[in-house]
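Read through the structure below, which is laid out as structure tokens, and then see the notes.
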Amino acid sequence: MILITGANGQLGYDFQRIFKERNLDFIATDYKELDITNIDAVRKFVKDKNINLIINCAAYNNVDNAEEEAEMCYKLNAYAPRDLALVAKEVGADYITYSTDFVFDGSKKTAYTEEDIPAPLSVYSEAKAEGEKLVLEAYDKSFVVRTSWVFGIANNNFNRQVINWSKSRDILGIVDDQVSVPTYSYDLALCSLKLLETKKYGLYHLSNSGVASKYDQAKYVLDSIGWKGILNRAKSSDFVLPAKRAEYSKLDSSKLEEAIGEKIPTWESGIDRFLNEMREKGEL
Numbered sequence: 001m002i003l004i005t006g007a008n009g010q011l012g013y014d015f016q017r018i019f020k021e022r023n024l025d026f027i028a029t030d031y032k033e034l035d036i037t038n039i040d041a042v043r044k045f046v047k048d049k050n051i052n053l054i055i056n057c058a059a060y061n062n063v064d065n066a067e068e069e070a071e072m073c074y075k076l077n078a079y080a081p082r083d084l085a086l087v088a089k090e091v092g093a094d095y096i097t098y099s100t101d102f103v104f105d106g107s108k109k110t111a112y113t114e115e116d117i118p119a120p121l122s123v124y125s126e127a128k129a130e131g132e133k134l135v136l137e138a139y140d141k142s143f144v145v146r147t148s149w150v151f152g153i154a155n156n157n158f159n160r161q162v163i164n165w166s167k168s169r170d171i172l173g174i175v176d177d178q179v180s181v182p183t184y185s186y187d188l189a190l191c192s193l194k195l196l197e198t199k200k201y202g203l204y205h206l207s208n209s210g211v212a213s214k215y216d217q218a219k220y221v222l223d224s225i226g227w228k229g230i231l232n233r234a235k236s237s238d239f240v241l242p243a244k245r246a247e248y249s250k251l252d253s254s255k256l257e258e259a260i261g262e263k264i265p266t267w268e269s270g271i272d273r274f275l276n277e278m279r280e281k282g283e284l
């Protein structure tokens, strides 16, 4: 039996979709069904359910609010992932949890590998980096997967924001000095499952192929939907935000690609499929 936490988010939704397609048994939980910040509650929940895989999709993702809500951010992004790893160890289940390109400060200017040392710039990224360390120390049958700029059909994301802005504005300004890789949550789920099958535990990077600034991503979305407005380049310094962000945080996914024996699709392909999903649902 597979346990998914944070199942109502973008990634959790796509795991559920794949499991349904494959007729696999799973239990989908979100915070209403399971408080992952309470290890005793998790132990009680998994008891006698024959859990052989725990997939943690739950996280505190509000990067700016985390500056004021550090305790909650650490609970969800550092201590809960560790506690889930401990419970997985107790029941003999494999475990996978997710981290972020935000653990890096962007000073490298070339794609980050798993060998690079994290240098967090914010409370959110500090908590994520701590979570990685705690999980890998807690249980040797854990996968920790760093990803970047996730978007999917099940929730709000940058692509949806851009589309919503385009409906009411003729001129948009998007930053071109934040560079990483947009990642389609369906590809993230699918490649994660292929990685799980390898049993090659440890730390991995998993983002779609290619590289893009926020401006590049927005331009691709707007061109794809036929927006006729003006898209201007902006700088991060034009916007006052509580949390500092790296200018460059592209992840190198070659270790994972080698492990699963295939190339991850491009971010443009991910956006194409995402937009098709929106059209099929009548949202575009």
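Residue 1 is where the sequence shown starts when you use full-length UniProt numbering, and the numbers rise one by one after that.
For glycine and all other residues, C-beta sits at the position ideal for the given N, C-alpha and C.
Bear in mind the structure is a predicted one, so any value in this text is a computation, not a measurement.
Check: Report the start-end ranges of each alpha helix (DSSP H) in the segment 55-120 that is 4 residues or longer and not cut off at the edges.; Outcome: 70-74, 80-91
Check: Quick one, are the C-beta atoms of Y184 and F151 less than 8 Å apart?; Outcome: yes
Check: Alpha carbons only, please: which of E68, K109, Y98, E21 is nearest the one belonging to E130?; Outcome: Y98
Check: Any Cβ of chain D within less than 8 Å of the Cβ of A59?; Outcome: Included in the structure is just one protein chain, with no chain D present.
Check: Can you tell me whether DSSP reads residue 288 as helix, strand or coil?; Outcome: Because the chain spans 1 through 284 in this model, residue 288 falls outside it and cannot be assessed.
Check: In the DSSP output, what is I174 paired with across the bridge?; Outcome: R233
Check: For the putative contact between residue 295 and K128, defined by C-beta atoms under 8 Å, what is the C-beta separation to the nearest angstrom?; Outcome: Beyond the ends of the chain as shown, which are 1 and 284, falls residue 295; an answer cannot be given.
Check: Just to confirm, are L73 and G12 a CB contact at a threshold of 8 Å?; Outcome: In the sequence on display, residue 73 carries Cys and not Leu. Against a cut-off of 8 Å, the Cβ pair of G12 and C73 comes out as no contact.
Check: Is V123 closer than 8 Å to E67 when the C-beta atoms are compared?; Outcome: yes
Check: Decide if K47 is buried, meaning its Cβ has at least 16 other Cβ atoms within 10 Å, or exposed.; Outcome: exposed
Check: Would you mind listing the beta strand (DSSP E) stretches within the segment 129-190 that are 3+ residues and don't spill past its ends, in chain order?; Outcome: 142-147, 171-175
Check: In its own chain, which residues sit with a C-beta less than 7 Å from the C-beta of D170, not counting the 5 before and 5 after it?; Outcome: G229, I230
Check: Whose CA, out of R17, R146, Q217, lies closest to the CA of I163?; Outcome: Q217
Check: Round the Cβ separation of L251 and D101 to the nearest angstrom and send it over; I've been treating them as touching at under 8 Å.; Outcome: 5 Å
Check: With a threshold of 8 Å on Cβ separation, who are the neighbours of W165 within its own chain once the five nearest residues in sequence on each side are excluded?; Outcome: L172
Check: In angstroms, rounded to a whole number, what distance separates the CA positions of Y18 and Y201?; Outcome: It should be noted that the sequence gives Ile, not Tyr, for residue 18. If I take the Cα positions, the gap works out to 22 Å.
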